[in-house]
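Numbering (the working numbering), first residue to last: -15 to 515. By construction, the Cβ of each residue, glycine as well, lies at the ideal position given by its N, Cα and C atoms. From a predicted model like this one, the values you see are computed outputs, not experimental measurements. A quick write-up on the structure given underneath.
Shown next, in the form of structure tokens:
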């Protein structure tokens, strides 16, 4: 009997004889001509290959960062209108008397007085500011502890924890119908981000150990961060307008859940374990911040992201006041065109770092300079197109800074501490959180008291004045990883021009028992030397 005929076992896998019959008949169908168990085993084997593991890690982390930044920005066009609709604010009315000219006769103008009733929402700006900033504040407070936990238990489990928390917070956002519930959901998202973002960046640094590959992988992740921030407002606004508040949040929560399940495909059973079977103890966040090189990098990341964090909550109102012809949808899409220069900046930085690996500090300094110049130009823009140009330069500069410094943080812990990355990328996440925690509050206060131009001047000066400080880290590549010589002794290859070196190796402690996972300590060395 041919297995093409209907049988009661239609769903069973074809036998070897049936496959042979198909092949004789001329039917060579991929998958169907093979045993499903064989296919399943082949897929599992392929997934376990290091090359595919790294690709999966990059997909998972990029998706997590995309989701986090979409969740951060998707509420911008939704929550202000929704809170007004549900009566979250006390409403008060004020009256304004205006005189309108209705005509003139024999040189005499006739006026009509009109009394306008103005509806005001009490404490709306303050309430929205606290709601928007709560995520970054919680993330800032939790990051030191999440970084330590990641170093202790590995990267994958904290990633799953973060994605589950983000899923829960997004679902609460979809169903919440009061200011208190939405505030709780926003704060809960900060808790999830502290685990997901930090473990994601650390996971990339752990799996991509070669410097050029690490820069490329982190650059791709940064592109997804930018894309999430820029595409979220139009995504949320359109779905909110036509489908209601729950739909955009439910879609994002589903992707969170899917991404969490994918993490199980890349879990390492012996993540961060040395040959002794013991987990390497990494330095704490506070100890890493005492490293002047890491401190300078962290300060640069804060400074670079202050510009975006300060402009995002203030530029919409400034455009409304200075560009009367600009429509609401144009204001909502003002950050979308600069996405392309951001991706271009990532591409340029990755290519330059691959060829000239020691110019990270210079790329970051140039990026800060471009940010400062662009922020100074922004207040002078009088048209929508004229505004897009400095904003594009701004995003290009930010991408140079981030793409140059994030891989450098991984290199610093590889060569000066231990190759566990939770705490150092918690510092990077803290840097972003500081900028976005103070942005909605400080920027609004500065604009209200000093004006929009003064805000941009402050941003410009902070970026330009900080840029020279990056020359301090130009000697970081003088440090080389631990190497094991032929006699079994551990030594560090340090070759540099001392005249160009800003620090000194004196009083710096390099413990061979605390190297990274690729520099495992041979506990038998002492035994062999005694023998």
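Residue i and residue j: beta carbons closer than 8 Å?
| i | j | result |
| --- | --- | --- |
| residue 344 | residue 392 | yes |
| residue 293 | residue 333 | no |
| residue 167 | residue 115 | yes |
| residue 323 | residue 214 | yes |
| residue 445 | residue 284 | no |
| residue 457 | residue 272 | no |
| residue 315 | residue 300 | yes |
| residue 521 | residue 353 | Shown here, the chain extends from -15 to 515; a query on residue 521 therefore has no answer. |
| residue 365 | residue 269 | no |
| residue 461 | residue 341 | yes |
| residue 430 | residue 438 | yes |
| residue 406 | residue 134 | yes |
Take residue i and list the residues in its own chain whose beta-carbon comes closer than 8 Å to its own, dropping the five residues that flank it on each side.
| i | result |
| --- | --- |
| residue 205 | 42, 45, 46, 49, 184, 185, 188 |
| residue 495 | In this prediction, residue 495 scores a pLDDT of 44, lower than 50, which makes its location untrustworthy; no coordinate-derived value is stated. |
| residue 73 | 67, 105, 106, 107, 108, 111 |
| residue 336 | 343, 347 |
| residue 216 | 53, 54, 55, 56, 57, 58, 60 |
Would you mind reading off the limits of the alpha helix (DSSP H) that contains residue i?
| i | result |
| --- | --- |
| residue 326 | 323 to 339 |
| residue 350 | 344 to 361 |
| residue 390 | 368 to 400 |
| residue 276 | 276 to 295 |
| residue 119 | 108 to 137 |
| residue 161 | Element bounds for residue 161: n/a, residue is neither H nor E. |
| residue 302 | 299 to 306 |
| residue 246 | 230 to 247 |
| residue 420 | 406 to 434 |
| residue 268 | Residue 268 -> no alpha helix (DSSP H), and no H or E assigned at all. |
| residue 200 | 195 to 227 |
| residue 55 | 34 to 57 |
How many Å lie between residue i and residue j at the Cα?
| i | j | result |
| --- | --- | --- |
| residue 170 | residue 144 | 19 Å |
| residue 266 | residue 408 | 10 Å |
| residue 250 | residue 229 | 34 Å |
| residue 29 | residue 137 | 26 Å |
| residue 305 | residue 125 | 36 Å |
| residue 71 | residue 424 | 23 Å |
| residue 384 | residue 199 | 12 Å |
| residue 225 | residue 159 | 17 Å |
| residue 54 | residue 40 | 21 Å |
| residue 360 | residue 241 | 42 Å |
| residue 373 | residue 422 | 26 Å |
| residue 203 | residue 331 | 8 Å |
| residue 447 | residue 208 | 24 Å |
| residue 394 | residue 37 | 20 Å |
| residue 117 | residue 196 | 35 Å |
| residue 173 | residue 234 | 14 Å |
| residue 177 | residue 367 | 37 Å |
| residue 35 | residue 319 | 35 Å |
| residue 192 | residue 243 | 20 Å |
| residue 26 | residue 245 | 20 Å |
| residue 443 | residue 201 | 29 Å |
| residue 356 | residue 307 | 23 Å |
| residue 433 | residue 113 | 17 Å |
Taking 7 Å as the limit between beta carbons, can you name the residues of its chain near residue i, skipping five residues before and five after?
| i | result |
| --- | --- |
| residue 436 | 298, 302, 363 |
| residue 274 | none |
| residue 211 | 50, 323 |
| residue 380 | 325, 326, 328, 329, 354 |
| residue 280 | 453, 454, 456, 457 |
Apart from the five residues on each side of it in sequence, which residues of its chain come closer than 6 Å, Cβ to Cβ, to residue i?
| i | result |
| --- | --- |
| residue 179 | 130, 142, 145, 146 |
| residue 413 | 127, 181, 182 |
| residue 278 | 272, 396 |
| residue 220 | 58, 61, 62, 232 |
| residue 33 | none |
| residue 289 | 416, 419 |
| residue 351 | 381, 384, 385 |
Buried or exposed for residue i, going by 16 or more other Cβ atoms inside 10 Å?
| i | result |
| --- | --- |
| residue 428 | buried |
| residue 151 | buried |
| residue 165 | exposed |
| residue 371 | buried |
| residue 247 | buried |
| residue 295 | buried |
| residue 475 | At residue 475, the pLDDT of 43 sits below 50, so the modelled position is not reliable; the number obtained from the coordinates is stated separately. With fewer than 16 other Cβ atoms within 10 Å, it is exposed. |
| residue 31 | exposed |
| residue 154 | buried |
| residue 65 | exposed |
| residue 175 | buried |
| residue 119 | buried |
| residue 123 | buried |
Using a beta-carbon distance below 8 Å, is residue i in contact with chain D?
| i | result |
| --- | --- |
| residue 210 | The chain labelled as chain D is not found in the depicted structure, where only one protein chain is given. |
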